Structure formats: C-alpha cells, structure tokens
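Data block below; observations after.
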Amino acid sequence: DVKVTQSSRYLVKRTGEKVFLECVQDMDHENMFWYRQDPGLGLRLIYFSYDVKMKEKGDIPEGYSVSREKKERFSLILESASTNQTSMYLCASSMTTNEKLFFGSGTQLSVL
Amino acid sequence: QQQVKQSPQSLIVQKGGIPIINCAYENTAFDYFPWYQQFPGKGPALLIAIRPDVSEKKEGRFTISFNKSAKQFSLHIMDSQPGDSATYFCAANGYSSASKIIFGSGTRLSIRP
Chain D
203 DVKVTQSSRY LVKRTGEKVF LECVQDMDHE NMFWYRQDPG LGLRLIYFSY DVKMKEKGDI
263 PEGYSVSREK KERFSLILES ASTNQTSMYL CASSMTTNEK LFFGSGTQLS VL
Chain V
-6 QQQVKQSPQS LIVQKGGIPI INCAYENTAF DYFPWYQQFP GKGPALLIAI RPDVSEKKEG
54 RFTISFNKSA KQFSLHIMDS QPGDSATYFC AANGYSSASK IIFGSGTRLS IRP
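Right, dumping it as structure tokens:
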C-alpha cells in the first residue's frame, strides 16, 4: 500500500514564525498536493506539484509556499505564520491525474 | 460553477439504517466522482468512485447513485454499523487535471448502536 507520511502530527507555533510541514510518499507518485481542512469548509487545495521543482497554485495559496526538490518529498512553508493559519493540513499524492488520492494522517497546526 | 454542494452537514442514524448523503455539482466537464471516508485522527481514504457513464455503483454495503441530468450524486450505506461513523466527503473532477478536484464540505455521520 502507498504510504504518505507527514512529519508531525501536532505543531504549535507562534505568530510570525516560519513553519515547515514535510510530506514524504513511498510509491513514486508524480503528483503531490497540500490541502487545508477546516470544519464546514471541506478540503481546500493550497498547492500541488506534478513533477520535481514544478508547482501550481491551488485555491488558497496566499501566505504559503512549497518546495519539491525530490520526487518523494513535498514541503509546505508558512513564511510568517498567522493565527488564521491554524488548521489541519493534509498532504496527498496520486500516480496520475484524475485518479485516487492517497492522504497522509494530517498535521494539526496551532498558531498562537 | 466549480462548487460541489454536500448535504447534510451532520447525520445520526440508528444501526442498521440507511444513511444517505447528497451532493450536487454544476460543472458538466466533471467526469469522476469519488467519495472519501475520514476517521478521526486519520487522513481521508477513497471509499468508492463513479464515472458518469453508469447510474449506480455498489461496493459491499456502499452504493453511489448518479443522476447525470440533475447533476446530483449520492452515497447510500446499507445496514449501517457503528464502525461506519466517520466524516464523508464527496468530490468531483475533470479528466484534464487532478488539481481541479473539488471537494464537498463534508458530512459527519454517526451510527448509534
């Protein structure tokens, strides 16, 4: 089975800090995604990457950036964390477009 | 036109009942309609998916009903069990790009023993 691993289950950061969320997948998937999950809002796409060093903005990219230096690793960066970025962050990967997404277990980020 | 509207937001059903979760979409370019199941503390996992060339798909106790003309699809869970208690997300996307997958807002389902 595909495994998508997120480095932290819980994180607590202070306003203004730079935050790194790491995600690794072990099945050689081309596509990787970062979503944000908030109650009543579903899953909203922040950024996705379809190849190493390639990235595209999703629906809510403001305040975030990403990095994909290796195929298996996709990082989400909060340049200057703010309280409205307190949320559950989910990483996902897929082999090709229009196919099953495999999600990690999520990182619950609290920004104080 | 990009939205997927999901209802209800929460649902409580007695064991053995048939919970039904509904979704509606507007973009006729969508051609893949998955449902994801999420347990507390876990990421969502694909439960079942349908393409618009069929009106129904069954996998075990889970059934998707699809109405192309109404642009609606729904998830039915037969003989529901307490272990089915989870949050369910419908989604839709077109063939051209997985980045365009649009998720519904989610339904928190609770099955009472």
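Residue numbers (the working numbering), protein chains in the order written: chain D, 203 to 314; chain V, -6 to 106. Don't be surprised by glycine CBs; every beta carbon is placed ideally from N, CA and C. In this text, all values refer to a predicted model and were calculated from it rather than measured experimentally.
*Since ILE41(V) is in the beta strand (DSSP E), which residue starts that stretch and which ends it?*
By 1-based counting over the second sequence, the position of residue 41(V) is 48. Residues 38 to 43.
*Using 8 Å as the limit for Cβ to Cβ distance, is LEU39(V) near chain D?*
As a first step, residue 39(V) must be located in the second sequence, where it is residue number 46. Yes, its Cβ sits closer than 8 Å to a Cβ of chain D.
*Which bits of chain V does SER307(D) rub up against, with CB to CB less than 8 Å?*
Locating residue 307(D) in the first sequence gives position 105, where the first residue counts as 1. Within 8 Å Cβ-Cβ: GLY34, LYS35, GLY36.
*asked:* Looking at ARG105(V): is its Cβ nearer than 8 Å to the Cβ of GLN(-4)(V)?
replied: Position 112 of the second sequence, counted from the start, is the residue given in the question as residue 105(V). Position 3 of the second sequence, counted from the start, is the residue given in the question as residue -4(V). Result no, Cβ atoms of ARG105(V) and GLN(-4)(V) do not sit closer than 8 Å.
*For TYR252(D), the residue or residues it bridges with in DSSP*: Along the first sequence, one-based indexing puts residue 252(D) at 50. Paired residue(s): none; TYR252(D) is not in a bridge.
*Taking C-beta to C-beta, are SER73(V) and GLY10(V) nearer than 8 Å?*
Here residue 73(V) refers to the residue found at position 80 when the second sequence is read from its first residue. Here residue 10(V) refers to the residue found at position 17 when the second sequence is read from its first residue. Yes.
*Is the CB-CB distance between LYS259(D) and SER251(D) below 8 Å?*
Here the question's residue 259(D) lines up with position 57 in the first sequence. Here the question's residue 251(D) lines up with position 49 in the first sequence. In this structure, SER251(D) does not lie closer than 8 Å to LYS259(D) by Cβ.
_Closer than 8 Å to chain A by CB, SER103(V)_ = Here the protein chains are D and V, and chain A is not one of them.
*Give the range of the beta strand (DSSP E) segment to which TYR18(V) is assigned.*
By 1-based counting over the second sequence, the position of residue 18(V) is 25. TYR18(V) -> beta strand (DSSP E) spans 13 to 18.
_Looking at chain V, is there any beta carbon in it that lies within less than 8 Å of the beta carbon of LEU278(D)?_
Position 76 of the first sequence, counted from the first residue, corresponds to residue 278(D). Judged by the 8 Å Cβ criterion, LEU278(D) is not in contact with chain V.
*How about SER98(V) and ILE14(V): are their beta carbons less than 8 Å apart?*
Here residue 98(V) refers to the residue found at position 105 when the second sequence is read from its first residue. Here residue 14(V) refers to the residue found at position 21 when the second sequence is read from its first residue. No, the pair does not count as a contact, with Cβ atoms beyond the cut-off.
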